[in-house]
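Structure record follows, encoded as structure tokens.
Numbering (our numbering), first residue to last: 24 to 764.
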């Protein structure tokens, strides 16, 4: 033994003599003590060789017994207490713009904010009109939605970079709900009715009149705004009760699979516009397959003019979008290809009179200005309440994940709870102004970031661009073909469809995540978006349970000249202690995997039930043979077994990876201990976390005098096992010598 190690040994021995009480200081006994007769721990401790092994004791913190009534009253008193500072903090917390706007650095930030706001606003004009069709609404409502969302998020949001507005997946979900309700109300969903304020004979209806008739378009936006209102209420409620943890069930793989699956549904819903077909939207299970069946049955009715326009737009948009992405580091701003295509297509349609000559489907009249606010239809809430749940969860999950991602990238923090408030009010308030559901959108957020966005002020610039369109430019899009809008929507799905390229890499990293992605993607595409999300969440949770049901199980070995124990199936050259096996179970121990734990432990170490049965059988047939060996100094039973039970005297269960126990888990540990003790093998538990220790204490796993069965480290448990076995041998030898005298 080196001088340094001897000094450490002396120090530990000194500590051990100073702390003889039950809750004394930590004492570590090196395994080398067994081979050092001059510093033998047993000799220094006492002359009796059977003195028990000294071990670590830790005194738990005393838990304060607070009266529940007092605790609640204290919380309520603190919450209801009002003073100027608290009121100011609450107002500033709810309106983050009051904190950062007075400190706004005009020279540093204004150029980037104005540039990014202009570009995103220009991109939003054609996308807002296109996504309105996806949501089953008139084009003007998409412009309203983007305008109000940009203003409200500027006031309430904490992320400096995300772009809040229309999002394709939510538009699809809104559109499915709208079409279902239109069908229930008796409207013909195959044909689009005139814009709001017009009836079939073309006479204008004044909004101020009491006998105002709600046509198809009016009823569609009523349904859309009502479900938007409900989604916003859910989001604000989740923010108030701080239940944002719901989003943890939407893993990255699940969200990615859902977006990709929904993208196929979006593509399918827009295919009819590319072909110029007038078809009803299919709803319910298998709507994607049903839609394609309808398309192929009516393919002979394809409008050639719409088809040619669609192909030309695809030939322009796809390459230019790819070039934008390829040279985004060199371009100060992306080329607004969509706007150029929309302007060119509108001019071509107007001057070529495509609608009059070839019966192409056009956007129609887009009014200027704003309509009077209108409350959601409260009578529709019972039939839309369930639909709003999935829409609200998807909306806030995407918004919070995007805001946290960009905040981490740029070195600032966002408040997830405030983000839920922000996106909730981005739905509640606009729902009174004929808008539908919004959330953050990745594509526009990336554009916003890459064009120099610095703060939320860029959202105001975007809103001003949309305001200009709403007040002046909107009617100019009258002749715009719907096939162009369909192409814009489909081209923007490229990002989601590219996820297939990432699958080989995902498979290498995590096969389970890849399976979750596939299940969610296929169910979202082939069944329905809402059911696909539900199936994805359930399957993801099932996979978590499956991982705990079939966890990693291994025996541990000792890293020589250290106190470290690692898996023998993972690392080479690990040492084993004779007569001791160390078992590790990497999962919680509860009712689902209790049998797996038990069978794996018996398989890896020794099956005590088989040994006990063999011993009984041997006793009955009188073939038991007792021998005393001087080398082992213990009784041996010679049995015809694959494992000699007496070669193993201790099993140490490493509980470091067991997060929690339930009653079934505690009962299983009791059974295991009882079975092994029946054949003379002791079971020790090591590295139990405080929660597991509390569960063991409450479940009466061991009596107070048996607390030596729980250890704070595997090293300590192994040292105790060796020490107790040596003491047992010495005591047995002394007993034999006394009897012989």
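Beta carbons are placed, not taken as given, at the ideal position from N, Cα and C, and that holds for glycine. All values derive from a computational prediction rather than experimental measurement.
Check whether the Cβ atoms of residue i and residue j sit closer than 8 Å, and answer yes or no.
{"i": "residue 445", "j": "residue 179", "result": "yes"}
{"i": "residue 368", "j": "residue 504", "result": "yes"}
{"i": "residue 364", "j": "residue 336", "result": "yes"}
{"i": "residue 502", "j": "residue 373", "result": "yes"}
{"i": "residue 743", "j": "residue 715", "result": "no"}
{"i": "residue 543", "j": "residue 280", "result": "yes"}
{"i": "residue 175", "j": "residue 458", "result": "no"}
{"i": "residue 185", "j": "residue 487", "result": "no"}
{"i": "residue 121", "j": "residue 484", "result": "no"}
{"i": "residue 629", "j": "residue 737", "result": "no"}
{"i": "residue 566", "j": "residue 535", "result": "yes"}
{"i": "residue 508", "j": "residue 276", "result": "no"}
{"i": "residue 411", "j": "residue 188", "result": "no"}
{"i": "residue 562", "j": "residue 539", "result": "yes"}
{"i": "residue 332", "j": "residue 506", "result": "yes"}
{"i": "residue 421", "j": "residue 384", "result": "no"}
Please state whether DSSP places residue i in a helix, a strand or coil.
{"i": "residue 262", "result": "helix"}
{"i": "residue 673", "result": "strand"}
{"i": "residue 273", "result": "coil"}
{"i": "residue 479", "result": "coil"}
{"i": "residue 524", "result": "helix"}
{"i": "residue 605", "result": "strand"}
{"i": "residue 575", "result": "strand"}
{"i": "residue 446", "result": "helix"}
{"i": "residue 663", "result": "Any reading at residue 663 must be qualified, since the residue scores a pLDDT of 40, below 50, and its modelled position is unreliable; no value is offered."}
{"i": "residue 580", "result": "strand"}
{"i": "residue 706", "result": "strand"}
{"i": "residue 586", "result": "coil"}
{"i": "residue 516", "result": "coil"}
{"i": "residue 150", "result": "helix"}
{"i": "residue 463", "result": "strand"}
{"i": "residue 682", "result": "coil"}
{"i": "residue 494", "result": "helix"}
{"i": "residue 629", "result": "coil"}
{"i": "residue 441", "result": "helix"}
{"i": "residue 746", "result": "helix"}
{"i": "residue 598", "result": "strand"}
{"i": "residue 504", "result": "strand"}
{"i": "residue 252", "result": "helix"}
{"i": "residue 612", "result": "strand"}
{"i": "residue 733", "result": "strand"}
Identify, in the order they occur along the chain, each residue of the same chain with its Cβ nearer than 6 Å to the Cβ of residue i, setting aside the five sequence neighbours on each side.
{"i": "residue 353", "result": "none"}
{"i": "residue 204", "result": "246"}
{"i": "residue 595", "result": "none"}
{"i": "residue 782", "result": "It is not possible to answer for residue 782, since the shown part of the chain is limited to 24 through 764."}
{"i": "residue 745", "result": "none"}
{"i": "residue 394", "result": "457"}
{"i": "residue 215", "result": "Residue placement at residue 215 is flagged as unreliable, the pLDDT there being 43, under the threshold of 50; a coordinate-derived value is accordingly withheld."}
{"i": "residue 558", "result": "546"}
For residue i, I'd like the list of residues in its chain whose CB is within less than 7 Å of its CB, leaving aside the five on either flank, ordered along the chain.
{"i": "residue 290", "result": "513 and 516"}
{"i": "residue 396", "result": "455 and 456"}
{"i": "residue 163", "result": "389, 390 and 497"}
{"i": "residue 300", "result": "318, 321, 324 and 325"}
Can you list, in chain order, the residues of its chain with a C-beta nearer than 8 Å to that of residue i? Leave out the 5 residues immediately preceding and following it.
{"i": "residue 351", "result": "357 and 473"}
{"i": "residue 58", "result": "Reliability fails at residue 58, whose pLDDT of 41 lies under 50, so the model's placement of it is uncertain and the value that follows must be treated cautiously. Cβ neighbours of residue 58 beyond the five flanking positions: none."}
{"i": "residue 398", "result": "455"}
{"i": "residue 407", "result": "200, 204, 246, 249, 250 and 253"}
{"i": "residue 698", "result": "631, 632 and 635"}
Less than 7 Å between the CB of residue i and some heavy atom of the ligand SAH, yes or no?
{"i": "residue 135", "result": "This structure simply doesn't include the ligand SAH, nor any ligand for that matter."}
With a cut-off of 8 Å on the beta carbons, I'd call residue i and residue j a contact; round off their distance for me.
{"i": "residue 572", "j": "residue 415", "result": "The Cβ separation is near 32 Å, so there is no contact."}
{"i": "residue 298", "j": "residue 325", "result": "5 Å"}
{"i": "residue 471", "j": "residue 741", "result": "Not a contact, Cβ separation roughly 59 Å."}
{"i": "residue 139", "j": "residue 151", "result": "In fact, because the Cβ distance is near 17 Å, the residues do not count as touching under 8 Å."}
{"i": "residue 711", "j": "residue 678", "result": "4 Å"}
{"i": "residue 675", "j": "residue 605", "result": "5 Å"}
{"i": "residue 614", "j": "residue 687", "result": "4 Å"}
{"i": "residue 733", "j": "residue 704", "result": "That pair is no contact at about 17 Å."}
Going residue by residue through the stretch 385 to 438, where are the continuous alpha helix (DSSP H) segments of at least 4 residues, counting only ones entirely within it?
404 to 433
Ordered list of alpha helix (DSSP H) runs contained in the stretch 157 to 202, each at least 4 residues:
162 to 179
Runs of alpha helix (DSSP H) lying entirely within the stretch 274 to 327, each at least 4 residues, in chain order:
275 to 298 and 310 to 320, all fully within the stretch 274 to 327.
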